[in-house]
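Trainee: Could you have a look at this structure, given as structure tokens, before my questions?
In the working numbering, the protein residues as written are 598 to 716.
The structure is reproduced here in structure tokens:
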């Protein structure tokens, strides 16, 4: 478990080529660097990871900086011919992702199991 900021908690779990990140709290201007750096560090240490799953069940808020941080992680994983998936997305965040166009590059699944089985 990583705590970079009092309003953000990240828990990273690797299973083979899949990295799952549980994001709890706010993903905003002050917390986005922690989100970005921690995931990039994990990707740097594990070149075989090609699927990033964001579990957003406990994510209360995302601003434009948070959207940018998510998009940046998509670009990192796309360089590996990988994919970005989100699970347990609260309705307010799903609407934000629709309006921002993020759903063009990110798949939303209803469960972690479903996301892990995406081809």
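Think of the CB as a built atom: it goes at the ideal place given N, C-alpha and C, for glycine as much as any other residue.
What residue from 661, 679, 699 and 644 has the CA that sits closest to residue 624's CA?
Mentor: Comparing Cα-Cα distances from residue 624 to each of 661, 679, 699 and 644, the minimum goes to 661.
Trainee: Give me the Cα-Cα distance between residue 634 and residue 679, rounded to the nearest whole angstrom.
Mentor: Going by the C-alpha atoms only, they are around 19 Å apart.
Trainee: Determine whether the beta carbon atoms of residue 652 and residue 691 lie at a separation below 8 Å.
Mentor: Cβ atoms of residue 652 and residue 691: not closer than 8 Å.
Trainee: CB-CB under 8 Å to residue 616, same chain, minus the five flanking residues each way: which ones, in chain order?
Mentor: Excluding residues within five positions, the ones whose Cβ falls inside 8 Å are 609, 610, 636, 639, 640, 643, 646, 648, 649 and 650.
Trainee: State the start and end residues of the unbroken alpha helix (DSSP H) segment that holds residue 646.
Mentor: Element bounds for residue 646: n/a, residue is neither H nor E.
Trainee: Is it right to say residue 614 is buried, meaning 16 or more other beta carbons lie within 10 angstroms of its own, or is it exposed?
Mentor: Looking at its Cβ environment, which holds fewer than 16 other Cβ atoms inside 10 Å, residue 614 is exposed.
Trainee: Taking residue 658 as the reference, give the member of 681, 672, 694 and 705 with the closest Cα.
Mentor: Among 681, 672, 694 and 705, the Cα nearest to that of residue 658 is on 694.
Trainee: CB-CB under 7 Å to residue 626, same chain, minus the five flanking residues each way: which ones, in chain order?
Mentor: Correct list, in chain order: 660 and 662.
Trainee: Kindly indicate the opening and closing residues of the beta strand (DSSP E) around residue 705.
Mentor: Counting along the chain, the beta strand (DSSP E) containing residue 705 begins and ends at 703–706.
Trainee: Per DSSP, residue 608 forms a beta bridge with which residues?
Mentor: Bridge partners of residue 608: 619.
Trainee: State the DSSP-derived secondary structure class of residue 650, mapped to helix, strand or coil.
Mentor: Looking at residue 650 - three-state DSSP - the assignment turns out to be strand.
Trainee: Just to confirm, are residue 667 and residue 700 a CB contact at a threshold of 8 Å?
Mentor: No. Outside cutoff.
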